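Protein chains in written order, with my numbering: chain W, 1 to 548; chain F, 1001 to 1604.
A virtual CB, placed ideally from N, CA and C, is assigned to each residue, including glycine.
Just so it is clear, the structure is predicted and the values come from calculations on it, not from any experiment.
The next block holds one structure in the form of structure tokens; read it before the comments.
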Amino acid sequence: MPDVIIDGQEVSVPRGTTVIQAAEQLGIFIPRYCYHPGLSTAGNCRICLVEVEKNPKLQVACNLPVTDGMVVHTRGEAAEDGRRAVLEFLLANHPLDCPVCDQSGECDLQNFYMKFGLYDPRFHEHKVKKKKAVQLGPHVMLDQERCILCSRCVRFTEEITETGELGIFNRGDRAELAIYPGGVLDNPYSTNVVDICPVGALTERESRFKVRVWYLSSAPTVCNGCSRGCNMDMHFVLDRPHLNDGRRVVRVKPRHNPDVNQWWLCDAGRYGLGWIDEGRLGEVRERGATSTWDAALAAIARAMQESDRSRVGVIASAQLTCEELFLIREIFDGARVSAAVPEEPGACDDFLVESDKNPNTQGARLLGMAGPVIGDTTGGLGGSADVPDGQAIAQAARSGELDVLWVFGHDLVELFGAESAHEIAQNVGLLVFSGTNENATVELAQWVVPTAAYLEKDGTFVNCEGRVQRIGRVFAPPAGVREDWSVLLELAERSGRPRDSHEPRTIFAALAAAEAAFAGLTYESIGTLGAPVAGSAARVMSKAEPTP
Amino acid sequence: MINLVHLEPRAREIIALYEYPKAAMLPLLWLVQENEGYVSCKAEAWVARMLGVALARVREVVSFYNMFHTQPVGRRELRVCTSLPCVLRGSGELMRRIQRELKIAPGETTPGGEVTLTEVECLCACEMAPMAQLDERFVGPVQLDAASEGATVATLVQDARTAPGRLEATPDPEPYIYTEGPVLSSRLMDADGTWLEAYGDYAGARKALTSMKPGEVITEVSRANLRGLGGAGFPAGRKWSFIPKAVDKPVYLVVNADEGEPGTFKDRYIMERDPHMLLEGMLIAAYAIGSHKAYVYIRGEYFLSAQRLQRAIDEACAAGWLGKDIQGTGFDLEVVIHRGAGAYICGEETALLTSLEGGKGFPRLKPPFPAISGLFACPTIVNNVETLSCVPFILRNGAEHFAAIGTESQGGTRLFCVSGHVNRPGVYEVPVSVTLHELIGDFTGGVREGRALKAVIPGGISAKVLTADEIDVVMDFDSLRAAGSMAGSGGVIVMDEMTCMVEALESAARFFADESCGQCSPCREGTGWVHRIVRRITEGRGKPRDLDDLLAIAGDMEGKTICVFADAAAWPVQSYITKFRTEFEDFVAAGRRTPSAEVAQCRT
Ligand SMILES: Cc1cc2nc3c(=O)[nH]c(=O)nc-3n(C[C@H](O)[C@H](O)[C@H](O)COP(=O)(O)O)c2cc1C
Ligand code: SF4
Ligand code: SF4
Ligand code: SF4
Ligand code: FES
């Protein structure tokens, strides 16, 4: 472990660590454009210049392995002057676009200029002209003049997606970032290039020109698009709805988690959130007519109390949080409960995307509410073959074996066909639907209760690799909409089975006390990056180093 | 529609020469261009498929190198060099006359499709300046005076319209070689010296392979004080010793024959006129470092060099000096020629490796150094043609003999390439202990037309310029460094009193702006910026503050980039402006050449 001194602070780091990484451990930020920890090192922008004692030349921190006894200065006169020079070069041909540039406010050219630049501009020649609004693909727009040729996006398409759409063509100051003529940047991860572009050269078509970044709020969450549970930050506006056509979610940015998604997100997950601000259920309905939560919960509680437990069915969902599944399991003890429904597997790849499009199937398994992973012989991931699946419960409902059936979020018509769905509606005494959006089942249910989207509530999901991740709560549900867990707690109260917990955190504590797989975990220990459940082989993901 | 199926068998043969298919990028693009005349987008797709790479990788390469055409061009291509050494001998006027005769501008093709005119940076044939290249063959000096003998503008234009440009059709150009030995130029004057028969036995290699251990060869070369003659002057033996002792990867020897430094043309003479000397040097080096595969990266414009060297390789293979079990010693060496395609930066050794691997010529970050991780991420030694060509002499005559020829820190001779305003431009083999003064005065016949000397660039265009009173300097690496310049590639560019330094700088600045690979921000932006300012000055629109701005920008470019190209681009700016400040100020003030330089033959 070589020891290095950076700006007077000493740190011991593993061999092979670079100065930029070692500095980070000390909380010293060295500016960078081309360096990205998830990509190979290009070392072309030259902004990360530092002074190394006994070395007459400035060195780039991103490609300098620390050696024992190395003494580095990041804020000395030489380093500052070097950075100033590099910035001046980068801005020489840069257009004066800031007032109309989407990156403005989160642009590393602007930021570093304010922090490290601030020189008197002396570039008075004609700037090199390039193309301004090139559509690279369904989600990504390019402005060649703003590009600083850091090659992050090129390396991303070479090394991460291995699709190679982008290139830097020509040489010298004629070099330009482009896509091969006629090509389309439409790989399943295409929008990540926007995230990693340090300037406003690559922007998202979806959010372009919509909201100035300084009007955005941000909150961490987890994607619910598939069972990987990629970590993300939700960027939203609440107080200026006109900026984004009334939608709260403006854009999604990946949040780094080395064990789940590294720095990346798939486009399907990123753009899969339209439903949150569209077609939402906003009121309790009884047979199509507006009703109240009080009436609904009273009716459901009554029906539950009046029926034999074995004649109550719940088709829960792997879209619900562990806390909610746990409450369902406890409250509907003795009833026919399952969180598994027959679904066609979706698209998957050898990187992030999983074919199971539910974020919490693994949580449901661990809580005994879904069958095991097909082919899992170790049982390490939980799930019991005895769990009925949603199809069996639907069948029971259809043949009149149930008095009460509660469907969480699913569309029976889509799952079992219109005919079966209608028969189910006719043959159960009470059909309850809770969920976020309009669907065909809403028409059939006696009671419809509007519940919160996952962004609107706290709780945990367990991803396909057995990592418990907290989803946080990005913003509140719309008026009249309640979180599933709070509905369930009230139902427990009303049906004479009150619980000690009153919010997700304490529900989770009860869950952790009851389930060995979760033993010892708390919201604190899960933190922002999640924690593996007992017995899961918490795998560290990594993409192989690029070969020449 | 083009159909390239007929090229596939040949393409597969080419790919088989390389460890990875992608390395066959440049040869396949050459194959296409030779057959189709240009690289169409269909051809790019074909190459991408043959190599299993993304289309964008092919486009990156095609757009990076100057010699590939992406549009149909004329039946012949006339490349006119307008770099400094040619500028000094009238290439500006040559270009103007060619344009007038052909009635087209650079980049255009005559209406009948006979010829495409291209303005190029240094073709490294400065001894025959002003010169041009018609397809594969060099033509020069092109006489601007119609009454003189040899090629004139009229014959050049006539040839461009009608004559075949292939090498076979024309005799070798006259050699501009004025020495015979001791080390490097023994056979250069002899037109037949290029054949194995004239060369004779690989005696130095025989000695190394049969009686010495690899380590002993390295020691011998170290003791000879052989310095790298590609430009950096790194001790050759020491470099060889960096190859890790126990490696489980192949070791490569890569020969840098990408000669591109304006003012330099020695490697071409060796490859064309004494290729076996190079091959013998390579064999000894390969034995010393444990390499069984060597690549020779020859700049794309050197058609004849590639052809001659290939012929020599074939001869050597037939005679058992290359290939398997060389002379029964059990040592194997395969040599593959790899042709560049028009990019000066590929002379930088790591750019050369990236280019050889099938990429754009981007220099690489160091560490790692090539000796640890070079070609295909394997230990690699890159040496210049001339460096390796010294090795047979060392093995035959002993390290002491070689060391004694030079100075204390640098053994041997160099092939100095003298161009510009001297009476006899050409290649001169002289011990490195010679002074610049002696080289110009005693060897080249002095400054032409009895004029006074104004300035000399002693080591290729990247070296800082020396004024007439700074030329009493010994021409080895250390002395020139101490004098504030560098020995570099051995390209000595001589400028007489008529030279306009502002226009000389414009030519140099344009060279660097044209040739920057463009990856480092200070170099990409700085070279373009500097050139735009200097060009504005030469166009008469200079401002007083430009000179200080130029010096500041040059200072900002220095010491901050992946390779030293940016530094090399800064040095001329700094040295010309500082050493000839008054001339620059007068030019800016007057908006044109000052009287003393009025008759200079610089281009405008
Ligand atoms: C911009 C640049 C251009 C270069 N061009 C050449 C060249 O054309 N030929 C060459 O042999 N070396 C050239 N070099 C030097 C090589 O990088 C390298 O030092 C050399 O090939 C090593 O061989 P040597 O030790 O035998 O000289 C160049 C270096 C730089 C920085
Ligand atoms: S990329 Fe940054 S510096 Fe450039 S226009 Fe946009 S906000 Fe301004
Ligand atoms: S588009 Fe952005 S990420 Fe890509 S090279 Fe340009 S600045 Fe870098
Ligand atoms: S200094 Fe210039 S030529 Fe060298 S790597 Fe950087 S951009 Fe390329
Ligand atoms: S971040 Fe180090 S050179 Fe770009």
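Boundaries of the beta strand (DSSP E) around Pro-254 (chain W): 249-254.
Each residue's CA atom was taken as its position, placing Gln-362 (chain W) and Gln-319 (chain W) some 11 Å apart. Applying a distance threshold of 7 Å between residue Cβ atoms and the heavy atoms of ligand 5 selects W:Ile-20, W:Arg-32, W:Tyr-33, W:Cys-34, W:Tyr-35, W:Ala-42, W:Gly-43, W:Asn-44, W:Cys-45, W:Arg-46, W:Ile-47, W:Cys-48, W:Val-60, W:Ala-61, W:Cys-62, W:Asn-63 and W:Cys-150, given in chain order.
DSSP, reduced to helix, strand and coil, places Met-232 (chain W) within a strand of the structure shown.
A direct Cα-Cα distance of roughly 19 Å separates Met-1 (chain W) from Gly-27 (chain W).
Closer than 7 Å at the C-beta level to chain F, one finds these residues of the region 23-47 of chain W: Thr-41, Gly-43, Asn-44, Cys-45 and Arg-46. When beta bridges are read from the DSSP output, Val-407 (chain W) appears opposite W:Ile-315 and W:Phe-433.
Nearest to Cys-147 (chain W) by C-alpha distance, out of W:Leu-166, W:Pro-138, W:Thr-161 and W:Glu-162, is W:Leu-166. Asp-259 (chain W) and Val-199 (chain W) do not touch by the CB rule: their CB atoms are close to 30 Å apart, not below 8 Å.
Residue burial is scored here from C-beta neighbours: Asp-386 (chain W) has fewer than 16 other C-beta atoms within 10 angstroms and is therefore classed as exposed. Not a single heavy atom of ligand 3 lies less than 7 Å from the C-beta of Pro-372 (chain W).
Of W:Asp-186, W:Trp-264 and W:Glu-106, the smallest CA-CA separation from Asn-192 (chain W) is found for W:Trp-264.
Rounded to whole angstroms, the Cβ separation of Ile-1298 (chain F) and Ala-1285 (chain F) is 17 Å, and the two are not in contact under 8 Å.
If you draw a straight line from the Cα of Thr-1329 (chain F) to the Cα of Glu-1259 (chain F), it is about 33 Å long. Within 8 Å of the CB of Glu-1525 (chain F), the CB atoms of chain W belong to Phe-89, Leu-90, Ala-92, Asn-93 and Asp-173, in sequence order along the chain. For the region 1143-1160 of chain F, the beta-carbon criterion of a distance under 8 Å to any beta-carbon of chain W is satisfied by none of its residues. Under the Cβ criterion of 8 Å, Gly-137 (chain W) is not counted among the residues facing chain F. By the rule that beta-carbons nearer than 8 Å mark a contact, Asn-192 (chain W) does not touch chain F.
Following the DSSP letters along the chain, one finds Phe-1416 (chain F) inside the beta strand (DSSP E) bounded by residues 1413-1420. Here the alpha carbons of Cys-464 (chain W) and Leu-352 (chain W) stand approximately 11 Å from one another. Bounds of the beta strand (DSSP E) holding Ala-1455 (chain F) are 1453-1457. Ser-1479 (chain F) sits in a helix when the DSSP states are folded into three classes.
Exclusion of Phe-1303 (chain F) from the 7 Å shell around ligand 4 follows from its C-beta lying no nearer than that to any non-hydrogen atom of the ligand.
Only buried fits Ser-536 (chain W), as 16 or more other CB atoms lie within 10 angstroms of its CB.
According to DSSP, residue pairing for Asn-1256 (chain F) in a beta bridge involves F:Tyr-1297 and F:Asn-1384.
For Pro-1370 (chain F), the CB stays at least 7 Å from every heavy atom of ligand 4.
For the pair His-73 (chain W) and Thr-1118 (chain F), the Cα-to-Cα distance works out to about 49 Å. The secondary-structure analysis by DSSP pairs Ala-289 (chain W) across a beta bridge with W:Glu-286.
A contact is defined here as three or more CB-CB pairs under 8 Å, and the region 423-442 of chain W meets this definition with respect to the region 396-411 of chain W. Within the same chain, Cβ atoms closer than 7 Å to the Cβ of Tyr-523 (chain W) are found at Arg-470, Arg-505 and Phe-508, the five residues on either side in sequence being excluded. Three or more Cβ pairs drawn from the region 179-196 of chain W and the region 152-167 of chain W lie within less than 8 Å of each other, which places the two stretches in contact. Taking C-beta atoms as the reference points, Gly-1300 (chain F) and Pro-1214 (chain F) fail to come closer than 8 Å.
Of the candidates W:Cys-150, W:Glu-159, W:Ile-160 and W:Asp-350, the residue whose Cα lies closest to the Cα of Ala-178 (chain W) is W:Cys-150. Residue pairing by DSSP places His-1338 (chain F) opposite F:Tyr-1297 in a beta bridge.
Any Cβ of chain F closer than 8 Å to the Cβ of Ile-20 (chain W) would place that residue at the interface, and such an atom is absent. Within the model, the alpha-carbon separation for Asn-224 (chain W) versus Trp-406 (chain W) is close to 22 Å.
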